[in-house]
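Per my numbering, the sequence shown starts with residue 8, numbered consecutively. Backbone N, C-alpha and C define an ideal beta-carbon position, used for all residues, glycine too.
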Amino acid sequence: MATRSQLQSFQSFKNYKSEMYLYGSHAASVPEGWHCRRHLHHMMFEVNLVLKGTQQAEIGGVQYKQREGSIILIPPMQLHSYKTSSPLSFFVLHVQIDDAAFLQLLGEAKLLLLEPGHQLNGLLRPELDRIMNLLANDGSKTKLFHTLYGMMDILEGYIQQHAEAPPHWGQELPVQIAREIERLIAAPIDDDPAIALNWLQVIADRAGFSRRHCYRVFREAYRMSPRDYLAVLRQQEAMHLLAGGDSSVEQVAIRIGYDNVQSFIRQFVKWTGMTPGAFRRQRHNDTIYLTPLELK
8 MATRSQLQSF
18 QSFKNYKSEM
28 YLYGSHAASV
38 PEGWHCRRHL
48 HHMMFEVNLV
58 LKGTQQAEIG
68 GVQYKQREGS
78 IILIPPMQLH
88 SYKTSSPLSF
98 FVLHVQIDDA
108 AFLQLLGEAK
118 LLLLEPGHQL
128 NGLLRPELDR
138 IMNLLANDGS
148 KTKLFHTLYG
158 MMDILEGYIQ
168 QHAEAPPHWG
178 QELPVQIARE
188 IERLIAAPID
198 DDPAIALNWL
208 QVIADRAGFS
218 RRHCYRVFRE
228 AYRMSPRDYL
238 AVLRQQEAMH
248 LLAGGDSSVE
258 QVAIRIGYDN
268 VQSFIRQFVK
278 WTGMTPGAFR
288 RQRHNDTIYL
298 TPLELK
């Protein structure tokens, strides 16, 4: 290999790394009265396609009617739920990608419901059909991720072409705060499992900003307060642990930051309308939509 001094010209380019995680993709047919509880996906976006029937989606407190062929795009950190009053078939996938700029672009675009006549729907539907076919037939992993990245390229290109203005908030601090809140739940528990009352102040001090500033930028970015996000994460992690493992109720309570199991049980009843034990027995198959809380 020639040394740099022997080269007539030389241009250095920065290094790149990209990681993608496809989670919870599934196709399902459900009866009338089916519903999917309010939840969010931390640092993942969701694509939901109705194959047959109609469902009612609530996204950020706004109701949307999603009919056959319609696509819904859920950005990270967006509370949403689904329900149907008639039989329904749908396909859904969740993608975690280490591209903060893309996720910010998707969140700011507010392209939530794409009807069959929408240009972006027409661009995305063939990609979704290919993804469904690859998943159903255990196709090539390389082809699957090639198609997923192609779908992201379509999204990014469309949004950049049609954006009225560039995103108006910085991505780093809200993401940092969100990750710190996730660590309150996902990090290993030490001798004191309870979450400190001044946890937001601790996060603000660590980030080098005031508590008020951290609260404001987080709410501006994600349309919810840091405390609301912590509550949602606690609920989802508790449901995920109860449905997907053999941890005792006491262990789950400690895992999500409660030092009093009775306080946890009372709060869980408020969240779900049933005790943790009853939830584990009756609703263990209803949590496929909950993405796991994992820290890298």
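> Skipping 5 residues on each side, what residues in its chain have a beta carbon closer than 7 Å to that of Q85?
Replying inline: Sequence-distant Cβ neighbours of Q85 in its own chain, meaning closer than 7 Å and more than five residues away, are L47, I66 and G67.
>> Under DSSP, the alpha helix (DSSP H) around I138 begins and ends at which residues?
In response: From DSSP, the alpha helix (DSSP H) with I138 extends over Q126 to A143.
> Around the Cβ of L5, are there at least 16 other Cβ atoms within 10 angstroms (buried) or fewer (exposed)?
Replying inline: Outside the shown range of the chain (8 to 303) lies residue 5, about which nothing can therefore be said.
> Looking only at its own chain, which residues have a Cβ that is under 8 Å from the Cβ of K303, when we skip the five neighbours before and after it?
Replying inline: Low confidence applies here, because K303 scores a pLDDT of 42, under 50, leaving its location unreliable and the question unanswered by this model.
>> Tell me the rounded alpha-carbon separation between I188 and Y265.
In response: Cα to Cα, the separation comes out at about 15 Å.
>> Please classify G114 as buried or exposed, where buried requires at least 16 other C-beta atoms within 10 Å of its C-beta.
In response: G114 counts as buried, since no fewer than 16 other beta carbons sit within 10 angstroms of its beta carbon.
>> With the cut-off set at 8 Å, would you say I81 and F109 are in Cβ contact?
In response: Note that the C-beta distance between I81 and F109 is not below 8 Å.
>> So, at 7 Å on beta carbons, what are the nonlocal neighbours of Q183 in its own chain, with the 5 sequence-adjacent residues on each side left out?
In response: Excluding positions up to five away in sequence, the list reads A214.
>> If I measure Cβ to Cβ from S254 and keep anything under 8 Å in the same chain, skipping five residues before and after, which residues do I get?
In response: Taken in chain order, the residues that qualify are L248 and R262.
> When the distance is taken between beta carbons, is L95 closer than 8 Å to V54?
Replying inline: Contact: no.
> What runs of the alpha helix (DSSP H), each 4 residues or longer, lie entirely inside the stretch 175 to 248?
Replying inline: As far as the stretch 175 to 248 is concerned, its whole alpha helix (DSSP H) runs of at least 4 residues are 179 to 193, 206 to 214 and 218 to 229.
> What are the start and end residues of the beta strand (DSSP E) that includes L58?
Replying inline: Residues M51 to K59.
>> Do Y89 and C43 have their beta-carbon atoms positioned less than 8 Å apart in this structure?
In response: Contact flag set, yes.
>> Could you pull the DSSP bridge partners for F17 from this structure?
In response: For F17, no pairing in a beta bridge is given by DSSP.
> Tell me the DSSP bridge mates of K72?
Replying inline: Answer by DSSP bridge pairing, in chain order: Q63.
> Secondary structure at I263, three-state DSSP: helix, strand or coil?
Replying inline: In this structure, DSSP gives I263 a state outside helix and strand, which the three-state scheme calls coil.
> By DSSP, does G252 sit in helix, in strand, or in coil?
Replying inline: When secondary structure is reduced to three states using DSSP, G252 falls in the coil class, being assigned neither helix nor strand.
>> Taking 8 Å as the cut-off, does the stretch 159 to 167 touch the stretch 127 to 147 (at least 3 CB pairs, one atom from each stretch)?
In response: Contact between the stretch 127 to 147 and the stretch 159 to 167 is present, because at least three Cβ pairs lie under 8 Å.
> Mind checking whether L385 and S32 have CB atoms under 8 Å apart?
Replying inline: This structure gives no information on residue 385, because the portion of the chain shown stretches from 8 to 303.
> Between L119 and the rest of its own chain, which residues show a CB-CB distance below 7 Å, the 5 nearest in sequence each way excluded?
Replying inline: Same-chain partners within the cutoff: I66, Y71, I79 and L80.
> How many angstroms separate the CA atom of H87 from the CA atom of H153?
Replying inline: Take the alpha-carbon of H87 and the one of H153: they are about 28 Å apart.
> If you check the beta carbons only, do Y156 and L130 fall under 8 Å apart?
Replying inline: No, Cβ-Cβ distance for Y156 and L130 is not below 8 Å.
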